[in-house]
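Using numbering that gives the first Met the number 0, the letters of the sequence shown correspond one by one to residues 0 to 124.
Ideal Cβ placement from N, Cα and C applies to all residues, glycine included.
Here the structure comes first, spelled out in C-alpha coordinates, and everything after it is commentary.
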Amino acid sequence: MIDAVTRGDLAILDFMQAHLSCGFLDTVMPALTRLGDSGVIWIVLAAALLLFPRTRKYGLAAALALVIGALLCNVTLKPLVARLRPFEVAGLSELLISSPTDYSFPSGHTMASFACAGVFWHYRR
(Lines of atoms letter the chains of each structure in order from A; the text may use other names.)
(Lines give C-alpha, C1' and ligand atoms only; values in the text may rest on other atoms or scores of the structure.)
Protein backbone atom coordinates (compact mmCIF):
# COMPACT_ATOMS: atom_id res chain seq x y z
CA MET A 0 0.00 0.00 0.00
CA ILE A 1 1.48 3.31 -1.08
CA ASP A 2 0.60 6.36 1.02
CA ALA A 3 -0.56 9.68 -0.44
CA VAL A 4 2.83 11.39 -0.03
CA THR A 5 4.61 8.61 -1.89
CA ARG A 6 1.95 8.67 -4.64
CA GLY A 7 2.61 12.41 -4.98
CA ASP A 8 6.37 11.81 -5.10
CA LEU A 9 5.93 9.20 -7.82
CA ALA A 10 3.66 11.50 -9.83
CA ILE A 11 6.31 14.23 -9.70
CA LEU A 12 9.03 11.74 -10.61
CA ASP A 13 6.97 10.47 -13.57
CA PHE A 14 6.29 14.05 -14.73
CA MET A 15 9.96 14.98 -14.52
CA GLN A 16 11.03 11.93 -16.50
CA ALA A 17 8.34 12.48 -19.13
CA HIS A 18 8.67 16.26 -19.58
CA LEU A 19 11.94 17.58 -18.14
CA SER A 20 14.49 15.06 -19.32
CA CYS A 21 16.87 16.36 -21.96
CA GLY A 22 20.59 16.25 -22.67
CA PHE A 23 21.21 19.72 -21.23
CA LEU A 24 19.36 19.14 -17.94
CA ASP A 25 20.70 15.58 -17.68
CA THR A 26 24.18 17.15 -17.64
CA VAL A 27 23.52 20.25 -15.53
CA MET A 28 21.30 18.86 -12.77
CA PRO A 29 23.72 16.20 -11.45
CA ALA A 30 26.39 18.91 -11.18
CA LEU A 31 24.01 21.16 -9.26
CA THR A 32 23.02 18.27 -7.03
CA ARG A 33 26.67 17.58 -6.20
CA LEU A 34 26.99 21.14 -4.87
CA GLY A 35 24.49 20.22 -2.17
CA ASP A 36 25.98 16.82 -1.35
CA SER A 37 27.12 16.76 2.27
CA GLY A 38 26.39 20.49 2.42
CA VAL A 39 29.58 21.18 0.43
CA ILE A 40 28.49 24.57 -0.92
CA TRP A 41 27.44 25.70 2.57
CA ILE A 42 30.58 24.37 4.22
CA VAL A 43 32.72 26.25 1.67
CA LEU A 44 30.69 29.42 2.27
CA ALA A 45 31.00 29.08 6.06
CA ALA A 46 34.75 28.49 5.74
CA ALA A 47 35.10 31.54 3.50
CA LEU A 48 33.20 33.66 6.02
CA LEU A 49 35.48 32.41 8.80
CA LEU A 50 38.51 33.82 6.98
CA PHE A 51 37.60 37.47 7.54
CA PRO A 52 37.19 39.08 10.98
CA ARG A 53 34.18 41.12 9.82
CA THR A 54 32.22 38.01 8.76
CA ARG A 55 33.66 35.47 11.20
CA LYS A 56 30.56 35.36 13.44
CA TYR A 57 28.39 34.55 10.41
CA GLY A 58 30.73 31.76 9.36
CA LEU A 59 30.83 30.34 12.88
CA ALA A 60 27.04 30.49 13.18
CA ALA A 61 26.60 28.82 9.78
CA ALA A 62 29.09 26.08 10.65
CA LEU A 63 27.37 25.47 13.99
CA ALA A 64 23.95 25.37 12.30
CA LEU A 65 25.27 22.84 9.78
CA VAL A 66 26.69 20.58 12.51
CA ILE A 67 23.50 20.72 14.58
CA GLY A 68 21.36 20.20 11.48
CA ALA A 69 23.42 17.20 10.37
CA LEU A 70 23.12 15.62 13.79
CA LEU A 71 19.37 16.20 13.94
CA CYS A 72 18.63 15.33 10.32
CA ASN A 73 21.09 12.67 9.20
CA VAL A 74 21.97 11.01 12.49
CA THR A 75 18.63 11.20 14.31
CA LEU A 76 15.59 11.79 12.09
CA LYS A 77 16.49 9.88 8.91
CA PRO A 78 16.94 6.55 10.73
CA LEU A 79 13.79 7.17 12.81
CA VAL A 80 11.59 7.98 9.80
CA ALA A 81 13.36 5.45 7.51
CA ARG A 82 11.56 6.66 4.38
CA LEU A 83 12.66 5.02 1.14
CA ARG A 84 13.59 7.25 -1.77
CA PRO A 85 10.91 7.53 -4.47
CA PHE A 86 13.13 5.87 -7.11
CA GLU A 87 13.45 2.83 -4.82
CA VAL A 88 9.67 2.59 -4.40
CA ALA A 89 9.21 2.94 -8.17
CA GLY A 90 11.83 0.26 -8.80
CA LEU A 91 14.04 2.49 -10.96
CA SER A 92 17.64 1.43 -11.31
CA GLU A 93 18.95 3.91 -13.88
CA LEU A 94 19.77 7.26 -12.26
CA LEU A 95 21.77 10.27 -13.41
CA ILE A 96 23.67 10.25 -10.10
CA SER A 97 25.03 7.42 -8.02
CA SER A 98 22.33 5.91 -5.86
CA PRO A 99 22.18 7.61 -2.43
CA THR A 100 22.68 5.17 0.42
CA ASP A 101 20.71 6.95 3.13
CA TYR A 102 16.97 7.45 3.58
CA SER A 103 15.12 10.22 1.74
CA PHE A 104 13.46 12.13 4.57
CA PRO A 105 14.29 14.58 5.89
CA SER A 106 16.40 15.92 3.05
CA GLY A 107 20.02 16.66 3.93
CA HIS A 108 20.26 19.15 1.03
CA THR A 109 17.23 21.02 2.33
CA MET A 110 18.40 20.90 5.95
CA ALA A 111 21.77 22.45 5.08
CA SER A 112 20.16 25.14 2.94
CA PHE A 113 17.60 26.08 5.57
CA ALA A 114 20.17 26.01 8.38
CA CYS A 115 22.36 28.52 6.56
CA ALA A 116 19.42 30.57 5.29
CA GLY A 117 18.18 30.79 8.88
CA VAL A 118 21.56 32.06 10.04
CA PHE A 119 21.76 34.63 7.27
CA TRP A 120 18.17 35.72 7.92
CA HIS A 121 18.95 36.12 11.62
CA TYR A 122 21.98 38.31 10.87
CA ARG A 123 20.39 40.31 8.04
CA ARG A 124 20.84 44.07 8.17
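{"Check": "is_contact[D13, chain C] using C-beta, thresh 8 Å", "Outcome": "Going by chain labels, chain C is absent from the structure shown, which holds only one protein chain."}
{"Check": "Alpha-carbon to alpha-carbon, A10 and L19", "Outcome": "13 Å"}
{"Check": "Three-way DSSP call (helix, strand, coil) for G90 in this model", "Outcome": "coil"}
{"Check": "Among K56, F86 and T54, the one whose alpha carbon lies nearest that of G7", "Outcome": "F86"}
{"Check": "Run of the alpha helix (DSSP H) containing V74, from where it starts to where it stops", "Outcome": "That residue, V74, is in no alpha helix (DSSP H); it is neither H nor E in DSSP."}
{"Check": "Residue of N73, M15, H108 and V80 minimising C-alpha distance to L134", "Outcome": "Within the shown structure, residues of the chain are numbered from 0 to 124, placing residue 134 beyond reach of any answer."}
{"Check": "Candidates W41, P78 and R84, of which the one nearest I1 by Cα", "Outcome": "R84"}
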